[in-house]
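Chemist: First the structure, which I've put down as structure tokens, then a few questions once you've had a look.
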Amino acid sequence: MEERFFEQFIQCFFIAFGVLIGGTLIGGIGAFATGEAPFTGMARIARKLGIWAIVAAIGGTFDAIENLQKGFLEGPFIEVLKQGLLILSAMGGAKTAMIILEWLIQEDIT
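Okay, so the sequence shown: first residue is 1 according to this note's numbering, each after it adds one.
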């Protein structure tokens with residue numbers, strides 16, 4: 001059981017990281033293709049994509065919220081803690097991607 005949680009924890013980090021980095025880089029190509037400044041477009045896309053990277057990492061459904069509700073109302077507190085750590089991991093992946101993108105485009109994204 002612990003190995004499964006640790007795998008999910010690492011995967012949440014890298015899914016959020018990958019969604020943000022990949023989406024922003026591909027969006028920059030789209031910005032260039034439409035005549036917009038690529039780095040400005042990348043900064044705009046990264047701002048909009050940040051929350052969706054976290055949502056995608058935790059599953060993109062209401063399972064996370066249902067698990068929190070079950071943990072608070074009828075289940076053990078450890079499930080609430082695990083879900084909170086998964087969300088925290090996804091937030092860490094998104095923040096790491098934002099820092100790398102800020103370094104790459106030399107523009108403040110946050």
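Cβ coordinates follow ideal geometry from the N, Cα and C atoms, glycine included.
Can you tell me where the alpha helix (DSSP H) with I58 in it begins and where it stops?
Modeler: Taking the first residue of the sequence shown as position 1, residue 58 is located at position 58. Looking at the DSSP string, I58 is not in any alpha helix (DSSP H), and its letter there is neither H nor E.
Chemist: My understanding is that L86 touches F9, with C-beta atoms under 8 angstroms, so please give their C-beta distance in whole angstroms.
Modeler: Reading the sequence shown from its first residue, position 86 is the one you call residue 86. Reading the sequence shown from its first residue, position 9 is the one you call residue 9. So it is a contact: roughly 6 angstroms between Cβ atoms.
Chemist: Closest to G18 by C-alpha separation, out of D108, A90 and I105, would be which residue?
Modeler: Here the question's residue 18 lines up with position 18 in the sequence shown. Of the listed residues, the one whose Cα sits closest to G18 is A90.
Chemist: Find out if the Cβ-Cβ distance for the pair A113, I109 is shorter than 9 angstroms.
Modeler: Outside the modelled stretch of the chain, which goes from 1 to 110, sits residue 113, for which no answer is possible.
Chemist: Please classify T34: is it buried, with 16 or more other beta-carbons within 10 angstroms of its beta-carbon, or exposed?
Modeler: Stepping through the sequence shown from its first residue, residue 34 is reached at position 34. With fewer than 16 other Cβ atoms within 10 Å, it is exposed.
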